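J.: Dumping the structure here so I can ask a few things about it.
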Amino acid sequence: MENRDLEILKCLERGLQINEIALYLQKEKAIKVSISTIEKRLTAIRRQYGAKTLFQLGAILKAKKLI
């Protein structure tokens with residue numbers, strides 16, 4: 097998993113919405129990312145881990161200690 101993906105997941109863990117994640121990453125982490133890119137990455141990560149929802153993805157990644 098890329099550093100960008102981990103940062104997106106950490107933001108989700110903190111309860112940020114997708115549009116807030118885009119702003120946070122651009123301002124605080126200097127990572128250029130659009131809302132569309134975030135949505136595409138989350139969809140790919142959900143497929144990779146077999147999660148149907150973001151909540152389920154979070155539970156899976158917590159259990160695997162990735163976030």
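For the sequence shown, this note's numbering gives the first residue as 97, with consecutive numbering after it. A virtual CB, placed ideally from N, CA and C, is assigned to each residue, including glycine. A quick note: this is a predicted structure, and the numbers were derived from the prediction, not measured.
Just to check, is the beta-carbon of L119 closer than 8 Å to a non-hydrogen atom of the ligand COA?
T.: Questions concerning the ligand COA fall outside what the structure shown contains, since it holds no ligand whatsoever.
J.: Would you call the region 106 to 117 in contact with the region 129 to 142, where contact means no fewer than 3 C-beta pairs closer than 8 Å?
T.: Yes: at least three Cβ pairs fall under 8 Å.
J.: Buried or exposed: where does L108 fall if 16 or more other Cβ atoms within 10 Å of its Cβ makes it buried?
T.: Along the sequence shown, one-based indexing puts residue 108 at 12. Per the 10 Å Cβ criterion, buried.
J.: What's the C-alpha gap between R110 and G154?
T.: The sequence position of residue 110 within the sequence shown is 14, counting from 1. The sequence position of residue 154 within the sequence shown is 58, counting from 1. Cα to Cα, R110 sits roughly 11 Å from G154.
J.: With a 10 Å radius around its C-beta and 16 neighbouring C-beta atoms as the bar for buried, classify L95 as buried or exposed.
T.: A query on residue 95 cannot be resolved here, the shown segment of the chain reaching from 97 to 163 and no further.
J.: Decide if L102 is buried, meaning its Cβ has at least 16 other Cβ atoms within 10 Å, or exposed.
T.: For the purposes of this step, residue 102 is identified with residue 6 of the sequence shown, where counting begins at 1. Exposed.
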